[in-house]
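Input: a single structure, listed below in structure tokens.
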Amino acid sequence: MATTRTATRSQGRWIPSTCGMCLHGCGIKVYVENGVALKIEGDPTNPDNLGKLCPKGNAGLARLYDSTRVLHPMKRTNPKKGLHEDPRWVRISWDEAYEIVARELGKVRRDDPRKLLCALGDFQRILFWGWPAVFGSPNFFTSLGNYCGGSYHPVNGCVDGSFAAINDYEYCNYWIQIGSGDGFSSHLHLSGSAKRMADARMRGMKVVSLDPRCSVASAKADEWIPIIPGTDRAFVLGMAHVLIHELGRYDRDFLRDHTNAPYLVKEDGDYVRDASGKVQVWDLKANAPHAWDEAPSGSMALEGTFSHQGIKLRTGFQVWKDILLENTPEKMAEVTTVPASTIRKIAKEFVDAAQIGATMEIEGKTYPYRPAALNYYRGSQSHGNGLFDNMTFKLFNMLVGNIDVPGGHLGVPLDHRGFFVSPGEDGMLKPEPHQLHPAPPFKYPPDSSHLMEWFPIGFDAGHLNAETLLNPERFGLDYRPEAMLIYHSNPWWNMPETDKIEEIFQQMKFVVAIEIQETESTQWADVFLPDQTFLESTLLNCLEPPAVTGHSLRQPVVKPLGDTRDPYDILTELSERLGFRDDWNDLLNVVCGFTAKPQYLLEPEKRHSVDEFWDRYARSIYGEEKGLEWFKEHGHAVRYRTPEETYLAYGSLRIPFYFEFIKRTGDEMRQKFAEVGLQDWPLDNYKPLPFWKNSQVIEDGKAGYEFYAITFKESLHTFADTMVMPWLTEVSEKDPIHGGILINSVTAGKLGFKTGDPIRLTSPGGSIEGPVQVVEGIHPQVFGVSNAITRDVVTNKQVKLRGTHFNRLLTGSMKYTDSATGGLESTARVRVERVKR
Amino acid sequence: MARLGMVIDLKRCIGCNACTLACKQENGTPEGISFSRVITEEVGTYPNSTRTFLPTLCNHCSDAPCAAVCPTGATYIRPDGIVMVDHNMCIGCRACNLACPYMNRHYIEHGLLEHGYNSEGISPMEAIKFADFDEGTNIKCTLCAHRVDQGLEPACVVTCPTDARIFGDWEEEDGKLQRLVKERKGWTLLPEYETKPNVYYLDA
Amino acid sequence: MATRELLIAPHRFAVGYHRQRYWNWLIGTAFFLGGLGGGLFLVSLLTGHVAGMIAGFLIVVVGKNSAHMLFLGRPERFLAAARRPDRSWIARGIWAMGVFMATGFISILLQAHAPWIHLSKSAANINFGVAAACAVFIAGYDGFVMRSSAGLAFWRTLLLPLLLFMYASLGGITLSLTIRDLRGEIPPAGLEALEHGLLVANLFLLAIYFYRMSRSLPAARETLREWLRGTYARAFFGLVLLVGLAATLLLSILHANVHSPVLVVLIAGCELTGDFTVMMLMLKSGLFAPLAAPSYRRGDAI
Ligand SMILES: Nc1nc2c(c(=O)[nH]1)N[C@H]1C(S)=C(S)[C@@H](COP(=O)(O)OP(=O)(O)OC[C@H]3O[C@@H](n4cnc5c(=O)[nH]c(N)nc54)[C@H](O)[C@@H]3O)O[C@H]1N2
Ligand SMILES: Nc1nc2c(c(=O)[nH]1)N[C@H]1C(S)=C(S)[C@@H](COP(=O)(O)OP(=O)(O)OC[C@H]3O[C@@H](n4cnc5c(=O)[nH]c(N)nc54)[C@H](O)[C@@H]3O)O[C@H]1N2
Ligand code: SF4
Ligand code: SF4
Ligand code: SF4
Ligand code: SF4
Ligand code: SF4
Ligand SMILES: [Mo]
């Protein structure tokens, strides 16, 4: 008989924990025998991922046992630094490592703490992101969050107090997916989302995918609509035109009763207020303006242009309606290359499916039922006018009244705290554009190198460092950074304008990295502090869960390999040695919410252990009896969000249709900039409503950059981080979509390119080289560059390095940045040429 | 007696290869050997093109030609239908590799077990899993017999994020496998090779 | 990818035909030597030619077996291969080989009138008979082994063992003629004619084989295309047809008039080249069929 001596035993020791192969943290259980981890499976008791694991989660053991992991503290002995310069590491003790770091960072801190650049990327330990602030540095030297959600998170936060969003897997029947991998390849909690998406499709839900490239979502969709990158908003504006101007079908009740669409605005864009300051609506019965909270809902005008005391007044809805007049499907077809008939068809199908007016009863409560929704993420809105993109997508959903109702477009909270719902002004929900830290007050000269004080509604625009740090005078930066702390991030990889980023790295006098492996960024490190992988360390995680809420525990499943430390310990030890442990404890007390539950407060004087810290965190949320020990046994406290938590959380508070808050913020910024005498700072995008205008990328086309280049993620990899894992690359390098620079066969034919031909793409920002991969599934004007071919330094010799680093094509300047949110432009215009082998 | 097998629903499958990796970690197969693999292809012409995904594993054929040709009896069919190899009996003649029309037999070349997936050395996990293999012999998907025997489903099945892989027993009258295949007109790969596969597929 | 013409797939995650790479030149050599040695032994036995018997015996026992052992992943366990003669041609081959080694050896001793072996007439005849049967088996079973490789459509025909047996006989006869010629012996009447006949017959058999394959499964048709117009066309037309059949035939006709050892060796060289090439082409050109859903194959319009 064949025997299997080794694998999975049902009766063996299974340790519940949390996946750390991407930020989302699915529930796992790990089979361990004699101290060796032998199998990772999804935790079937965790409703987040329902026992499912994506390919990366299934590769976790390869991360743990990767021979190229760094397992001991090291210091650099080669004073020369560069991407391909061998740091000549030598092993040192933790004590020596801490001593060097404390000495060097201590110097910086005493001099001017702002001189420290920080690249913190550990989303599962988002609670620790305040460490630089305690150090005294506001700087965010990395492009995560804003490369994808720079405009997305603020708009979600303004609309319904959510951090992210997703369509209702349970009840949606018609799902438009724009530039996102949700449910198919990426974005929120892939493992569970894929299951929910498959179930929804099996019960008959239709999917339409807009993507320049035949993504998995597009391949599985009922209809794939290829589109010119960065023009998705035009497509949706065209559909909104169809709904409003051609079909006259939209959810008037929802818009009138749940949004500020009926609020009257003047030609200057401000609300119309009465003497007491109350925003006015038009009362159709009285044929006169009326305070918003006094007019009977039934007679409140949703649309119309009115005249009162000689002033022209329009409802917010009417303003957009007027804007949309010019966005005919024909015009939008020219912009997007999507035929006008398709725009009309999808709009019609969408509104048909939305069943405006229908209701549904869930657990005894009646909700509107709108089983049609538009979902989108990075691809479609990480663009220079990302704010307008996001607003457009949200408004289009609002037209059918589907925001946070069964079947519709649902907010996803940042964490277990749920939506941030509190009353704002004028009967509105209080906008929460900044959820990771309080919106920074305006300041000139700015403190932060990424100018966070100038983006009150954005997500930290890390990519702007490329512009500010190389021209500090232009921005009034009155200091020059000297040191860098990298923790769970690869800023060399993730930021645009790689050459400039390298220049900044080169300027650093001291760089410390808390990492598990050597990367492009750690090539500049002076000291390397080895972190533990997710299978060796402890935390409680709850991040952007689409359908559930509650924490999962990460716990060590094996004795940590080598001599590594938990980041809580590392950051705490550094705080102590740098002399601010008390402040660090205080900060954790605030961000963990211990201040509201004083019995859990970390004692300022005390050095708490990792377990002690998480134990307090657990008990502070789940009660005295559910501490770390409880979690170690049960693994998680995850449960489905209740209908009340999911649907209509904003209740009777109105959500913005007319983004008056954004306009007002812009007006305030304009004034502040004027006060400090900065006239030329762009503030164009602080608009209350979205419209179509050509982006810088489209303009670049006129300068001879004929094509577009895009980047994308797929299920086998997390960014390009997992490119160091042969288990995954062995599979991904076999898929043609990771084979090289994707070019449509017709375009390739015209250019005379065959698969494998070496070519160079040149954008206004830079150039990259790589082999051609001819495919059908990409728009003829677009080149696609998978993340799976974009690494330049990988220590595992079994990985074939391909080094076609997409971000060299991007430009990290304000010209390519949304002036209101700081969201970056992640698409580039390019020229192409053949290169000699 | 049971006849174990699987139904793979191509409509559900998103080609993610979680199955491939789940099998990799469950069985610790050496470099280049995947019992489970997802065959991808681009079909059609732009803009009417798409990508297709076809997850595969051993079909545990009722008329398994790989077992029929095995001179040593190393390849055998268990009473529950699982086609297995006893590597202690295998002489590495590779007749089975040629007999399987689906390329689901894998020969472990000499030297292959001397290195794992790491740049250096063999990981502790590989060291343990490699003990199940022998250079110069054949291995194949076991339908995770060691799991099935403990009442667990195969690794690729439990992980599949879309539930595209459905494991069961064909002998179960009106069981889930039979019902799915009837309802959705299931089919097998390369029926013309007359192997009587026990893995069926449902159209995308 | 407008057309659905399938190519040889670069790896197992891609759709397309896959070349078999499991059986290499070592097993090809083993099969070739088995056929050749078996054929030679048989012809020599039937014509009572000791030198040929010895040569055939050595080719099989030393040549074929070493190549085969070298090929096996676990040669030390080769005896295990005898376990399933009920279903495996390889197992049957092992048995035949064992019996052949004994009876063949005894046959040689008897034929050479070795002084220390004495068998009754009937026992000797039985031994001859068994040895001959084993030789036939060894010369022909490789075809059955290959035919039962159910994954490769091009091999799935009874014509394959027939073809390989015909080639084995041809090789045996040619080699037998060569040995006799070099030793200055006169070959029995009709042996040369038989050789010529086999050459022509093999040509016809190949034609029939191809015709059969042209109506077989797609993978078989694709293999055929590779023989006639693709990767293997030059080897097939050049080495198999021109050198192996045509040149052998012409030279051996010439040999009727011109007697030269060089010519004889040349004839053998040509024939064996064709013979070996057929075996290697058979092995190398084996294709696995593409795995794809019928629904994906419904054509270009999706
Ligand atoms: N598997 C996997 N999952 C992940 C991650 C990962 O790396 N791997 N990363 C996590 C993080 S931090 C993020 S931000 C999310 C990102 O999740 P997604 O937004 O889903 O990921 P992307 O692949 O960046 O972009 C989605 C799609 O946009 C397309 N696209 C590019 N440009 C355009 C455009 O202009 N218009 C349209 N319509 N489409 C366009 C791309 O081809 C791609 O298919 O995923 C998270 N989850
Ligand atoms: N070309 C291109 N650029 C992009 C994107 C893209 O799709 N294409 N996506 C953008 C987006 S949306 C984002 S969010 C950013 C993401 O950018 P990053 O967050 O920088 O992503 P990674 O490159 O995965 O870097 C994470 C680093 O963390 C390390 N790491 C992994 N596990 C651990 C651990 O347990 N401990 C420690 N200390 N380190 C660990 C990895 O080794 C890796 O070097 O990139 C942005 N940049
Ligand atoms: S989606 Fe992320 S957290 Fe979940 S299994 Fe995959 S890699 Fe792990
Ligand atoms: S894990 Fe499931 S969805 Fe993913 S490729 Fe395999 S069968 Fe398809
Ligand atoms: S290689 Fe092993 S399992 Fe395969 S046929 Fe030969 S002896 Fe049997
Ligand atoms: S699929 Fe191949 S290996 Fe599996 S039983 Fe059938 S013939 Fe044998
Ligand atoms: S059944 Fe088990 S051995 Fe077979 S492919 Fe699935 S995971 Fe691998
Ligand atoms: Mo991101």
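Chains as they are written, first to last, in my numbering: chain Z, -8 to 828; chain C, 14 to 217; chain B, 40 to 341.
Note that beta-carbon positions come from the ideal geometry of N, C-alpha and C, so glycine has one too.
No experiment lies behind these values; they were computed from the predicted model shown.
Under the criterion of a Cβ to heavy atom distance below 7 Å, does residue i qualify as lining ligand 4?
i                      : result
alanine 177 of chain C : yes
valine 199 of chain Z  : no
Leaving out the 5 sequence neighbours to the left and right, which residues in its chain are closer than 7 Å to residue i when beta-carbon positions are compared?
i                         : result
methionine 108 of chain B : Pro114, Phe117
proline 397 of chain Z    : Asp159, Tyr162, Met351, Ile353, Tyr358, Tyr360, Tyr638
Shorter than 7 Å, the distance from the beta carbon of residue i to the closest heavy atom of ligand 7, or not?
i                        : result
asparagine 40 of chain C : yes
cysteine 169 of chain C  : yes
Once you ignore the five residues that flank residue i on each side, which residues in its own chain have a CB closer than 6 Å to its CB?
i                      : result
arginine 43 of chain B : Because arginine 43 of chain B carries a pLDDT of 47, less than 50, the predicted location of this residue cannot be relied on, and no value is offered for it.
leucine 455 of chain Z : His441, Leu442
leucine 242 of chain B : Leu284
alanine 328 of chain B : Ala258
Can you list, in chain order, the residues of its chain whose CB lies under 8 Å from that of residue i, leaving out five sequence neighbours each side?
i                         : result
asparagine 787 of chain Z : Asp57, Ser58, Thr59, Val715, Met716, Pro717
alanine 135 of chain B    : Cys173, Phe176, Ile177, Tyr180
Tell me whether residue i counts as near ligand 5, meaning its Cβ is closer than 7 Å to at least one heavy atom of that ligand.
i                         : result
glycine 105 of chain C    : yes
asparagine 485 of chain Z : no
Does the beta carbon of residue i fall short of 7 Å from some heavy atom of ligand 2?
i                        : result
glutamate 506 of chain Z : yes
aspartate 173 of chain Z : no
Run through DSSP, which three-state label would residue i get?
i                         : result
alanine 324 of chain Z    : helix
glutamate 32 of chain Z   : strand
threonine 42 of chain B   : Low confidence applies to threonine 42 of chain B: its pLDDT is 37, below 50, so where it sits in the model is not reliable, and the reading given next is rough at best. If DSSP states are grouped into helix, strand and coil, threonine 42 of chain B belongs with coil.
serine 161 of chain B     : helix
histidine 299 of chain Z  : strand
asparagine 462 of chain Z : coil
glutamine 346 of chain Z  : coil
aspartate 274 of chain Z  : strand
valine 790 of chain Z     : coil
Are there any heavy atoms of ligand 1 lying less than 7 Å away from the beta-carbon of residue i, as far as the coordinates show?
i                        : result
histidine 479 of chain Z : no
tyrosine 807 of chain Z  : no
aspartate 726 of chain Z : no
If contacts are defined as beta-carbon pairs under 8 Å, then residue i and residue j qualify, I think. What distance do you get, rounded to the angstrom?
i                        : j                        : result
serine 136 of chain C    : glutamine 789 of chain Z : The pair is not a contact, with the Cβ atoms about 12 Å apart (cut-off 8 Å).
alanine 212 of chain Z   : serine 200 of chain Z    : 4 Å
leucine 378 of chain Z   : serine 142 of chain Z    : 5 Å
glutamate 535 of chain Z : valine 403 of chain Z    : 5 Å
leucine 752 of chain Z   : valine 688 of chain Z    : 14 Å between Cβ atoms; not a contact.
glycine 731 of chain Z   : glutamine 764 of chain Z : 4 Å
Ligand 3 and residue i: does any heavy atom of the ligand fall closer than 7 Å to the residue's C-beta?
i                         : result
asparagine 580 of chain Z : no
cysteine 10 of chain Z    : yes
glycine 48 of chain Z     : yes
Shorter than 7 Å, the distance from the beta carbon of residue i to the closest heavy atom of ligand 6, or not?
i                       : result
tyrosine 631 of chain Z : no
Residues within the region 702 to 718 of chain Z neighbouring chain C, beta-carbon criterion of under 9 Å: Glu705, Ser706, Leu707, Met716, Pro717, Trp718
The region 484 to 503 of chain Z: positions lying closer than 9 Å to chain B by Cβ: none
Positions along the region 181 to 197 of chain C whose CB lies within less than 7 Å of some CB in chain Z: none
Contact residues within the region 105 to 132 of chain C, judged by C-beta distance below 7 Å to chain B: Gly105, Cys106, Arg107, Ala108, Asn110, Leu111, Ala112, Cys113, Pro114, Tyr115, Met116, Tyr120
Residues, ordered as in the chain, of the region 46 to 71 of chain B that lie near chain Z by beta-carbon distance below 9 Å: Pro49, His50, Arg51, Phe52, Ala53
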